[in-house]
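**Q**
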Amino acid sequence: MTNKTEVLIIGGGVVGTFIARELSRYKLDITLIEKGTDVCVGTSKSNTALIHAGFNADSNKLKGKLNVRGNELFRTKVQKELEVPIEWIGALVVAQDEAGIPQLEEILENGKRNKVPDLEIVKGERLFELEPNLNKNSVAALYAPTAGIVNPFELTVALANNAVKNGAEVILEAEVTDIEDKGDYKLVKTSKGNIEAKLVINAAGVYADKIAQMVGIKDFKITPRRGEYYLYDKILDIKVNHTIFQLPNKVSKGIVVTPTDEDNLLIGPSAEEIEDKDDLSNTREGLDQVIAGAKKTIPDLTTRGVIKEFAGLRAAIKETGDFLIEASDKVKGFINVAGIQSPGLASSPAIAEMVVGIVKEELPGLEEKDDFDPYEQEIPKFRHMSHKQRMKLIEKDSNYGEIICRCESITKGEILDAIRQPVGARTVNAIKRRVRPGAGRCQGGFCGPKVVEILSEELGIPKTEVKLEKDNSKILVEKTKESLQKEVTDNE
Amino acid sequence: MNKQSYDLVVVGGGPAGLAAAQEAYDQGVRDILIMERDFELGGILQQCIHNGFGLHFFGEELTGPEYAQRFMEKVAERGIDIKLDTMVLEVTPDKKVYAVNSKEGMLEIDAKAVVMAMGCRERTREAIGIPGSRVAGVFSAGTAQRYINMEGYMPGKKVVILGSGDIGLIMARRMHLEGAEVEAVLELLPFSGGLTRNIVQCLDDFDIPLRLSQTVTRIHGKERLEGVSVAKVDKNLKPIPGSEYYIECDTLLLSVGLIPENELSVAAGIELASVTGGPIVNECRETNINGIFACGNVLHVHDLVDYVTEESKLAGKAAALYLQDKIVKRDKEINIIAGDNIGYIVPHKITEKIEERKRVDLYMRGKRPMENAQILVMDGDKKLFAKKERFVKPAEMISIPLPEKMIEQLEGSTVEVKIVEGGE
């Protein structure tokens, strides 16, 4: 069977879902395909979760323009419309000796060219008032109050849900195997059947070069650059108030120390170019580099209180160090949205805005819908509620009175909501990304079996079919005695 | 908000909470509530279907559920109130207990005394930072035990176990008996963290190898676990380059330590001891907050449930005396000091005068194994007494009775205990 669509977006990361959501404002057939079992499982899943202010992005590059615009759109639209956790905590770039101050001034100038508001250089006491745990060697910092942090999982899921609400279709576990250019349309072959699309938008993250090659575009290469992280328990006695950067070097912005939207401390990322586009493993070297780097900023940090290590891949186009967002001049009806590394998350609303502009040129005469609904409601968060709010919530549905995850105080009601969303969770990790059971200090040791049970009941599948993430990541292999019984029967 | 009040609220219905509630009742307290987050009482004992429980306390071998059942019956006979499926969210320093369940909604319970008995949790792969991929098939040993014993599912078929704590040893045998291949039990330290009887009965009897001074250095696999890299470690517990080898497996179980679950205690303002991770308590198991007691694995991790019961009865009795206003402070507070080769001692101090008390038992763990040792109990520089100990093992708790008379006659304000060579 072949599906037909006007616009096909390949990739369910923050970029792909944002484009889908922005295009769903128009009278247009939109399909988004994602090879994973969920949206937000690639680069969007594992990063520093920052809405950069935009002082760092080179003002001569696309990044420089889109970062600041993205930040503004997060502030003025996204936060209000999608109820996504965003906190405008501000960022500091810290110099630890006088020699670093000219470099801070250069960054300040670059920021001004990018039109980042309210930048200033802070020194002395003021610096330690802003950030009391900072290394005592610190002499000055560039302070950017417009920097923020965001929950990238909730953002991406909200975008996908909102796109679906407005008529887009999201197909998961659809991996593109080939694309044939048929002139008027592209025939996109996937593991879930063929799709004919007038316009294809390639937002495939680290695989964007592979997808482009399928239509003969070979002029860019994505070099995955792995970054490793440590995440700490919320109750860690060391707190920071801002996203703290070190003075950047040529390869990376250095090790960042930042709170997350849930007030965990996050440190990372390391930077290591690798070949394998799926290798999200942690390495001793990478992790050691992260803690050593973070200690330069906050000397009291150790690995005590760490509850999680993870790694992400930056989808970098090394040769340009910039985003590549354009309608291909070689293949009509094919738009690349590639090389979206940092500040990709921060720029994502502006990237989507830019892509809509390109689509309008490719498909002239696009009309806006009258009934586009830009709003999404977040799943209730028991953990952040007052006793009174909790009471009301439980009166409405007693499932919100049943705590499943003790570390994070996550209720059964929240987990059911995560499964029952338009783009609902189908795996243990997908539930964790949406509503956090297992994201705490026991890492699912206690709630894991309960989440498996709820998934099995809700999806109507045996527990042995419940997956952690991908297809072969089943958690339980068989019932006890199953193969022992089989042996007995076989012998008889 | 659903408001209620009780004389005594016990947070946790595992072995510690049950024994504390029962003892408080037997000492005259009638208005008691046990709050349990699970659907049944008994705590982690319910998934410990092996035997070996109760040898000290009952003088017979019971399974975990049997041991739990005895106390559940005692609690039922006494008509003690119980709330199941109820999660305590907060205990305030003035002993208001906030909790939630799906039947009653939000609860605010005014308590005159509180016993904290929340137990412990397992250290995770993430907490010890094993590098590699984050795949399915890596479980803490207790979680695997729950899947097999409570839910009837196998988490895997070819198993490596890291850590030779008791749960790891028990699970090695359990998985073997369920038809899985247990490749090895690896232990970072040069000695096991489990009871000797468990090493014999769970590993030796089934030819499961215990490899000391080895650890997992990397987890392999893309989606489900495919194998682990293992290396020998040096004296500083660092992997020795070149000693690495690979074991193919689909399951890695971790038994790498237990951590008292004291998030509620910290929020209540209870001071914790850094070594145990549990509250600092006096001999009544009372915390720094008057009327809030702690017992069981929330206080320090025990090797035998029998000791949990003994300790919890002390806490239950003390809670009763507190409620009856029968606790009298001593003139002099005595600090208990963990000396040479002692990891920690509970209680941390002796502060109360209690009628008819004959002795105070000190519970302690050795830091490193020692043979022919002697345990010295010191009043300042003066030796009070010595006790010979043939084997000292960190895995096995030692208890030393301190007679009340001796406490009365102490010259200084400290009692130091140390373990030294030369027990003969």
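Protein chains in written order, with full-length UniProt numbering: chain G, 1 to 492; chain Y, 1 to 424.
Each residue gets a CB set at the ideal place from its N, CA and C atoms; glycine is no exception.
1. The alpha helix (DSSP H) with G:G344 in it runs from where to where?
2. Would you tell me roughly how many angstroms separate the C-alpha atoms of G:D471 and G:T37, rounded to the nearest one?
3. Can you check whether the C-beta of Y:I219 is within less than 9 Å of a C-beta belonging to chain G?
4. Along the chain, where does the alpha helix (DSSP H) that runs through Y:D331 open and close?
5. Should Y:G165 go down as buried or exposed, given a rule of 16 or more other Cβ atoms within 10 Å for buried?
6. In chain order, what residues of the region 162 to 174 of chain G put their CB closer than 9 Å to some CB of chain Y?
7. How about the region 263 to 274 of chain G and the region 106 to 121 of chain G: do they share at least three Cβ pairs that are nearer than 8 Å?
8. So, is the C-beta of residue 493 of chain G closer than 9 Å to a C-beta in chain Y?
9. Give the range of the beta strand (DSSP E) segment to which Y:D361 is assigned.
10. Less than 9 Å between the beta carbons of Y:Y153 and G:T480, yes or no?
11. What does Y:G156 touch in chain G if you count any residue whose Cβ is under 7 Å from its own?
12. Let's see if you can read the secondary structure: which residues bound the beta strand (DSSP E) around Y:R30?
13. Does any CB atom of chain Y fall closer than 9 Å to the CB of G:N282?
14. Ignore the nearest five residues each way along the sequence and tell me which others in G:V122's own chain have a CB closer than 6 Å to its CB.
15. So, is Y:I44 buried or exposed, given that buried needs 16 or more other C-beta atoms within 10 angstroms?
16. Jot down the residue ranges of each uninterrupted alpha helix (DSSP H) in the region 285 to 327 of chain Y, minimum 4 residues, whole runs only, in chain order.
17. Kindly list, in the order they appear in chain Y, the residues whose Cβ is closer than 8 Å to that of G:N235.
18. Grouping DSSP H, G and I as helix and E and B as strand, with all else coil, what is G:F220?
19. How would you call Y:V275, buried or exposed, if buried means at least 16 neighbouring beta carbons within 10 angstroms?
20. Do you know how far the Cα of Y:I148 is from the Cα of Y:G129?
21. To the nearest angstrom, how far is it from the Cα of Y:Q22 to the Cα of G:V466?
22. Would you decide whether Y:N236 is buried or exposed? Buried here means 16 or more other CB atoms lie within 10 Å of its CB.
23. What residues in its chain sit with their C-beta under 8 Å from that of Y:K232, if we drop five residues either side in the sequence?
24. Find the residues of chain G that neighbour Y:R37, judging by a C-beta separation of less than 8 Å, and give them in chain order.
25. Please confirm if Y:P260 has its CB atom under 9 Å from at least one CB of chain G.
26. Mind the definition here: the region 88 to 98 of chain Y touches the region 285 to 295 of chain Y only if three or more C-beta pairs lie below 8 Å; say whether that holds.
27. Quick test of your reading: G:L23 and G:V359, contact by CB under 8 Å. State the CB separation rounded to the nearest angstrom.
28. Within 9 Å of any Cβ in chain Y, is that where the Cβ of G:F310 sits?
29. Could one say the Cβ of Y:D85 lies closer than 9 Å to chain G's Cβ atoms, at least one of them?
30. Considering only the alpha carbon of each residue, which of G:A95, G:E376 and G:A315 lies closest to G:Q79?
31. Can a CB atom of chain Y be found closer than 9 Å to the CB of G:R434?
32. As an exercise, report each continuous alpha helix (DSSP H) stretch of at least 4 residues that is fully enclosed by the region 49 to 117 of chain G, in chain order.
33. Using the beta-carbon count (16 or more within 10 Å), is G:K486 buried or exposed?
34. On the DSSP letters alone, give me the boundaries of the alpha helix (DSSP H) that G:F18 sits inside.
35. Give me the residue from Y:A19, Y:G343, Y:G105 and Y:M118 with the minimum Cα distance to Y:G78.
36. Looking at the unbroken alpha helix (DSSP H) that takes in G:K165, where does it start and where does it end?
**A** To lay it out plainly:
1. Position 344 of the first sequence holds residue 344 of chain G. Here the alpha helix (DSSP H) through G:G344 covers G344 to E362.
2. Position 471 of the first sequence holds residue 471 of chain G. Position 37 of the first sequence holds residue 37 of chain G. The alpha-carbon atoms of G:D471 and G:T37 are separated by roughly 8 Å.
3. Taking the first residue of the second sequence as position 1, residue 219 of chain Y is located at position 219. With 9 Å as the cut-off, Y:I219 counts as an interface residue toward chain G.
4. By 1-based counting over the second sequence, the position of residue 331 of chain Y is 331. Annotation for Y:D331: no alpha helix (DSSP H) segment contains it, though the beta strand (DSSP E) segment containing it runs V328 to A338.
5. What you label residue 165 of chain Y is simply residue 165 of the second sequence in a count that begins at 1. By the 10 Å Cβ count, Y:G165 comes out buried.
6. Cβ contacts with chain Y come from no residue of the region 162 to 174 of chain G.
7. These segments do not touch.
8. The question about residue 493 of chain G has no answer here: the residues shown for chain G are numbered 1 through 492.
9. As a working mapping, residue 361 of chain Y is identified with position 361 in the second sequence. Here the beta strand (DSSP E) through Y:D361 covers R359 to G366.
10. In the second sequence, residue 153 of chain Y corresponds to position 153, counting from 1. In the first sequence, residue 480 of chain G corresponds to position 480, counting from 1. A contact, by the Cβ cut-off of 9 Å.
11. Residue numbering aside, residue 156 of chain Y sits at position 156 when the second sequence is read from its first letter. Neighbours of Y:G156 on chain G, chain order: V477.
12. As a working mapping, residue 30 of chain Y is identified with position 30 in the second sequence. That residue, Y:R30, is in no beta strand (DSSP E); it is neither H nor E in DSSP.
13. Within the first sequence, numbered from 1, the residue matching residue 282 of chain G stands at position 282. So yes, G:N282 belongs to the interface.
14. Against the first sequence, residue 122 of chain G aligns to sequence position 122. Same-chain partners within the cutoff: A141 and Y143.
15. Counted from its first residue, the second sequence places residue 44 of chain Y at position 44. Counting Cβ neighbours within 10 Å, Y:I44 comes out buried, since at least 16 surround it.
16. 305 to 323
17. Numbered from 1 along the first sequence, position 235 holds the residue referred to as residue 235 of chain G. Inspection of the sequence shows that residue 235 of chain G is occupied by Ile rather than by Asn. Simply E263 and V266.
18. To locate residue 220 of chain G, count along the first sequence from 1; it is residue 220. G:F220 falls in the coil class under three-state DSSP.
19. One-based indexing of the second sequence puts residue 275 of chain Y at position 275. Under this definition Y:V275 is an exposed residue.
20. As a position in the second sequence, residue 129 of chain Y is number 129, starting the count at 1. As a position in the second sequence, residue 148 of chain Y is number 148, starting the count at 1. Those two C-alpha atoms are separated by around 26 Å.
21. Stepping through the second sequence from its first residue, residue 22 of chain Y is reached at position 22. Stepping through the first sequence from its first residue, residue 466 of chain G is reached at position 466. Cα to Cα, Y:Q22 sits roughly 41 Å from G:V466.
22. The residue given as residue 236 of chain Y occupies position 236 in the second sequence. It is exposed - the Cβ of Y:N236 has fewer than 16 other Cβ atoms within 10 Å.
23. In the second sequence, the residue the question calls residue 232 of chain Y occupies position 232. Correct list, in chain order: S213, Q214, P239, I240 and S243.
24. Here residue 37 of chain Y refers to the residue found at position 37 when the second sequence is read from its first residue. Going along chain G in sequence order, the residues near Y:R37 (Cβ under 8 Å) are I403 and R406.
25. In the second sequence, counting from the first residue as 1, residue 260 of chain Y sits at position 260. It does not: the Cβ of Y:P260 has no partner Cβ on chain G nearer than 9 Å.
26. The answer is yes - the region 285 to 295 of chain Y touches the region 88 to 98 of chain Y, with three or more Cβ pairs under 8 Å.
27. Taking the first sequence and counting its residues from 1, the one referred to as residue 23 of chain G is at position 23. Taking the first sequence and counting its residues from 1, the one referred to as residue 359 of chain G is at position 359. Confirmed, Cβ separation roughly 6 Å.
28. Taking the first sequence and counting its residues from 1, the one referred to as residue 310 of chain G is at position 310. Closer than 9 Å to the CB of G:F310 there is at least one CB belonging to chain Y.
29. Walking along the second sequence from the start, residue 85 of chain Y turns up at place 85. Yes - at least one Cβ of chain G is within 9 Å of the one on Y:D85.
30. The sequence position of residue 79 of chain G within the first sequence is 79, counting from 1. The shortest Cα separation from G:Q79 among G:A95, G:E376 and G:A315 belongs to G:E376.
31. In the first sequence, the residue the question calls residue 434 of chain G occupies position 434. So, not an interface residue.
32. Taking only runs of at least 4 residues, the alpha helix (DSSP H) segments lying wholly in the region 49 to 117 of chain G are 62 to 73, 79 to 82 and 101 to 113.
33. As a position in the first sequence, residue 486 of chain G is number 486, starting the count at 1. It counts as exposed.
34. Counted from its first residue, the first sequence places residue 18 of chain G at position 18. Segment V14 to L23, the alpha helix (DSSP H) holding G:F18.
35. Within the second sequence, residue 78 of chain Y is the residue found at index 78, counting from 1. With the sequence shown as reference, residue 78 of chain Y is identified as Arg, and Gly is not the correct amino acid for it. Selected option, being the one with the closest Cα: Y:A19.
36. Taking the first sequence and counting its residues from 1, the one referred to as residue 165 of chain G is at position 165. Membership of G:K165 in the alpha helix (DSSP H) is indicated by the continuous run P152 to K165.
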